[in-house]
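Student:
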Amino acid sequence: MGEQATWGEKLDAAIIEAAKENQRAKKVIHSEELVWEEDKMARSALLISAHTGFNLKSIHSFLAEMPAGASTGKHRHTSEAMMYALSGEAYTIIDGERIDWKAGDAIAMPAMCWHQHFNASTEKPFCYLAASNYPMTVNLGIALIETADIRSDLK
């Protein structure tokens, strides 16, 4: 019978493997690598994420652009997020409170609050950078994104 590794030895091996993963993982994403997608929330491109080759388990970031006059769907999620306005003007309704923000402003989105983003301009797009701990909620098995459309269908 062979000897089994102790839990301490297993932890040491996991640390060594994590270091190897860090060496193999992507360190930068170049603009020409961005994949822009359209969805019901905004036109967006995932930046730093496990899905784009980075060795991250708890956070990700993306760029988003809302056309003039557009809005996202009303939604909430178990993850927290922060958003930084790159260009344009917008307003966000968070649990019924209107928050106006523009290029250079940042907004925090607490977990499980209903919110919806609106491009305040009828002429120019609104662009923002967002970062979220959504991957962590997925890895913990507590990820939930609920849209108002789904909620109204359940009534």
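In terms of full-length UniProt numbering, the sequence shown opens at residue 1 and continues consecutively.
Note that beta-carbon positions come from the ideal geometry of N, C-alpha and C, so glycine has one too.
(1) Relative to the C-alpha of W114, which candidate in Y84, K74, L144, P135 has its C-alpha closest?
(2) Reducing DSSP to helix, strand and coil, say where L140 ends up.
(3) Provide the residue span of the alpha helix (DSSP H) that contains W36, from first to last.
(4) Spatial neighbours of A13 within its chain, please: CB distance less than 8 angstroms, with the 5 preceding and 5 following residues excluded, ordered by chain position.
(5) So, does the segment 83 to 90 touch the segment 38 to 55, judging by three or more C-beta pairs under 8 angstroms?
(6) Opposite D100 in the DSSP bridges: which residues?
(7) Would you list the residues sitting across from F126 in a DSSP beta bridge?
(8) Does DSSP put E3 in a helix, a strand or coil?
(9) Taking G88 and A64 to be in contact with their CB atoms under 8 angstroms, please state how far apart those CB atoms are, rounded to whole angstroms.
(10) In angstroms, rounded to a whole number, what distance separates the CA positions of E3 and K10?
(11) For T78 versus H117, is the C-beta distance shorter than 8 angstroms?
(12) Where does the unbroken beta strand (DSSP E) through I59 begin, and where does it stop?
(13) Count the other CB atoms within 10 Å of the CB of H51; is the residue buried (16 or more) or exposed (fewer)?
Tutor: Let's see:
(1) Against the sequence shown, residue 114 aligns to sequence position 114. Taking only the C-alpha atoms, the option nearest W114 is K74.
(2) The residue given as residue 140 occupies position 140 in the sequence shown. Here L140 sits in helix by DSSP.
(3) For this step, residue 36 is matched to residue 36 along the sequence shown. Where W36 is concerned, there is no enclosing alpha helix (DSSP H), although the beta strand (DSSP E) it sits in stretches over 36 to 38.
(4) Counting from 1 along the sequence shown, the entry for residue 13 is found at position 13. Excluding sequence neighbours, A13 sits near A5.
(5) no
(6) As a first step, residue 100 must be located in the sequence shown, where it is residue number 100. DSSP output for D100 lists Y91 as bridge partner(s).
(7) Sequence index remark: in the sequence shown, residue 126 carries index 126 (1-based). M66, per the DSSP bridge assignment.
(8) In the sequence shown, counting from the first residue as 1, residue 3 sits at position 3. Coil, per DSSP.
(9) Here residue 88 is taken as the residue at index 88 of the sequence shown, counted from 1. Here residue 64 is taken as the residue at index 64 of the sequence shown, counted from 1. Rounded, the Cβ-Cβ distance is 11 angstroms, inconsistent with contact.
(10) On the sequence shown, position 3 is the one that residue 3 refers to. On the sequence shown, position 10 is the one that residue 10 refers to. Rounded to the nearest angstrom, the two C-alpha atoms are 13 angstroms apart.
(11) Position 78 of the sequence shown, counted from the start, is the residue given in the question as residue 78. Position 117 of the sequence shown, counted from the start, is the residue given in the question as residue 117. Contact flag unset, no.
(12) The sequence position of residue 59 within the sequence shown is 59, counting from 1. Run containing I59: none; DSSP gives neither H nor E here.
(13) Numbered from its first residue, the sequence shown carries residue 51 at position 51. Classification of H51: exposed, given that the 10 Å Cβ count is below 16.
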